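Going by UniProt numbering, the first residue of the sequence shown is number 1, and it counts up by one from there.
Beta carbons are placed, not taken as given, at the ideal position from N, Cα and C, and that holds for glycine.
Note that the structure is a prediction, hence the values are computed from the model and not measured.
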Amino acid sequence: MFKKDSHKKSKFQSLASLSLKSVVIGGILGIIFWGGFNTTLEATNSMEFCLSCHEMKDTVYQEYRDTIHFKNPSGVQATCADCHVPKEWIHKFVRKVRAVSELYHKAMGTIDTPEKFNQHRWKMANRVWDSMRETDSRECRNCHAFDTMDLSGQDRYARKRHERALERGQTCIDCHTGIAHKEPKEPDELAKLEKE
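Here is the structure:
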């Protein structure tokens, strides 16, 4: 009788020990995976990563360098990720998953040169603008917010426009397309220019 109980205890202890080891090993592997995953996620937010595509470096980056988001009296610089990647983790993750499509098109040769990039630019810009409208210009509002704007300190034109935007429930991107990059030409307009 004692042997059966001892055997049961021994089996139970082995099982408990194995379960504990599995939990500890799984926890350690989870931490390592999460750390690597999060590090990769953050590394892809760097300006260097964004500029690793020559078509970005040769097009939108050159335009961005001439804007107030790049150089301004306060010295605060908005980077690619500040405007194009949400801060909240789940929204950031969703944006990164969508970015895989951009990498796919680069790899497939759809947008792998500045010329091809510019052919698709209207469509890509509108996709970004639509996304910004859907989120009430969430990324803009990380730095700019109607409720903290001192409208009296703005010039008359800006003050009127912002007051009107508030009344109409507009969002930043409704008026501020082309603020960090040149506005792309519509396909019909581009076709006319190519014919000339």
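{"Item": "Straight-line CA distance for K185 to H69?", "Value": "22 Å"}
{"Item": "Using the C-alpha atoms, what's the distance from I32 back to T177?", "Value": "41 Å"}
{"Item": "Excluding the 5 residues preceding and the 5 following E55 in the sequence, name in chain order all residues of the same chain whose CB lies nearer than 7 Å to its CB.", "Value": "I111, D112, T113, P114, F117"}
{"Item": "Rounded to whole angstroms, what is the Cα-Cα separation between T152 and H162?", "Value": "Contrary to the premise, residue 152 reads as Ser rather than Thr in this sequence. Their backbone Cα atoms lie some 11 Å apart in a straight line."}
{"Item": "Three-state secondary structure (DSSP) at P184?", "Value": "coil"}
{"Item": "If we ignore side chains and look at the alpha-carbon of each, how far apart do E167 and R138 end up?", "Value": "19 Å"}
{"Item": "Any chance the segment 80–91 sits against the segment 10–28, with 3 or more Cβ pairs inside 8 Å?", "Value": "no"}
{"Item": "Output the distance between the C-alpha atoms of R141 and A180, rounded to the nearest integer angstrom.", "Value": "15 Å"}
{"Item": "Mind checking which residues open and close the alpha helix (DSSP H) that includes R161?", "Value": "156–168"}
{"Item": "How about K182 and E102: do their beta carbons lie closer than 8 Å?", "Value": "no"}
{"Item": "Can you tell me whether D130 is helix, strand or coil according to DSSP?", "Value": "helix"}
{"Item": "Can the beta-carbon of W129 be found less than 8 Å from the beta-carbon of I173?", "Value": "yes"}
{"Item": "For H176, which three-state DSSP category applies?", "Value": "coil"}
{"Item": "Check whether the Cβ atoms of K11 and C53 sit closer than 8 Å, and answer yes or no.", "Value": "no"}
{"Item": "Per DSSP, what kind of secondary structure is T110 in: helix, strand or coil?", "Value": "coil"}
{"Item": "Grab me the residues of S131's own chain with a C-beta within less than 6 Å of its C-beta, minus the 5 sequence neighbours each way, in chain order.", "Value": "none"}
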